[in-house]
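Step one of this worksheet: look at the structure below.
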Amino acid sequence: MGKEALFPGVNRRDFIKTCITVSAMLGLPVSMVSKVAAAAQKADNRPAVIWLHFQECTGCSESLLRSSHPAVANLILDMISLDYHETLMAGSGHQAEKSLHDSMNANNGKYILVIEGAIPTKD
Numbered sequence: 013m014g015k016e017a018l019f020p021g022v023n024r025r026d027f028i029k030t031c032i033t034v035s036a037m038l039g040l041p042v043s044m045v046s047k048v049a050a051a052a053q054k055a056d057n058r059p060a061v062i063w064l065h066f067q068e069c070t071g072c073s074e075s076l077l078r079s080s081h082p083a084v085a086n087l088i089l090d091m092i093s094l095d096y097h098e099t100l101m102a103g104s105g106h107q108a109e110k111s112l113h114d115s116m117n118a119n120n121g122k123y124i125l126v127i128e129g130a131i132p133t134k135d
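For what it's worth, my numbering labels the leading residue of the sequence shown as 13, then goes sequentially.
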């Protein structure tokens, strides 16, 4: 994927202009523009989402997959970081559990938890 994918709708020229403007507003020397651009490209402001399934029929996931505004591809690739979703992820078993725990630890206190279905309260 090219660098254009990092900032959809923003061409390289506009991106560089923005970096120069930000650098100037902060009073940084021109030599810092490349560092500002690199930092902007590294920044991933997409919130981490962990989606857990309990007693459910996967209807909420089906609704998500069939959405069109935004399309699920745009949602997952551009707007959020869907770190764990049993139905949509490739891994399973221990690999999936590790992915869940890794995401929880890496985003401690900063992830969005989505619960699909009811949570049982009795044995």
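Yeah, the Cβ is synthetic: ideal placement off N, Cα and C, and Gly gets one too.
6 Å CB neighbourhood of residue i in its chain, flanking five on each side removed
i, result
"Ala17", "Low per-residue confidence applies at Ala17: pLDDT is 46, beneath 50, and the placement is therefore not dependable, though the value from the model is reported in the following sentence. Taken in chain order, the list of residues that qualify is empty."
Residue i versus the options, residue with shortest Cα-Cα distance
i, options, result
"Ser93", "Lys122, Ser79 and Gln107", "Lys122"
"Gly144", "Asp26, Arg24 and Leu64", "Because the chain spans 13 through 135 in this model, residue 144 falls outside it and cannot be assessed."
"Leu125", "Gln67, Ala108, His97 and Met101", "His97"
"Ala118", "Lys47, Asp95 and Ile131", "Asp95"
"Phe66", "Ser35, Thr99 and Val34", "Thr99"
Boundaries (first-last residue) of the alpha helix (DSSP H) holding residue i
i, result
"Ile1", "Outside the displayed span of the chain (13 to 135) sits residue 1, for which this structure offers no information."
"Ser115", "His106 to Ala118"
"Leu76", "Gly71 to Leu77"
Interface flag, residue i vs chain C, CB-CB below 8 Å
i, result
"Leu38", "Protein chain content of the structure displayed is limited to a single chain, and chain C is not contained in it."
Neighbour-count burial assignment, residue i, 16 or more Cβ in a 10 Å radius
i, result
"His106", "exposed"
"Met73", "According to the sequence provided, residue 73 is Ser. The question's Met does not apply to it. Classification for Ser73: buried."
"Asn79", "For the sequence presented, residue 79 should be read as Ser rather than Asn. Answer is exposed; the Cβ neighbour count stays below 16."
"Ala49", "buried"
"Cys31", "buried"
"Ser46", "exposed"
"Ser7", "As displayed, the chain neither begins before 13 nor continues past 135, which places residue 7 out of reach and without an answer."
Spatial neighbours of residue i in its chain, beta-carbon cut-off 7 Å, leaving aside the 5 residues before and after
i, result
"Gly103", "Ser111"
"Pro82", "Met91"
Sequence-distant residues of its chain with Cβ nearer than 8 Å to residue i (five each side left out)
i, result
"Asp135", "none"
"Met101", "Ala108 and Ser111"
Limits of the beta strand (DSSP E) - the one that residue i falls within
i, result
"Ala60", "Ala60 to His65"
"Ser93", "Ser93 to His97"
(request) Check whether the stretch 57-66 touches the stretch 36-43, counting contact only when three or more Cβ pairs, one atom from each stretch, lie closer than 8 Å. (result) no
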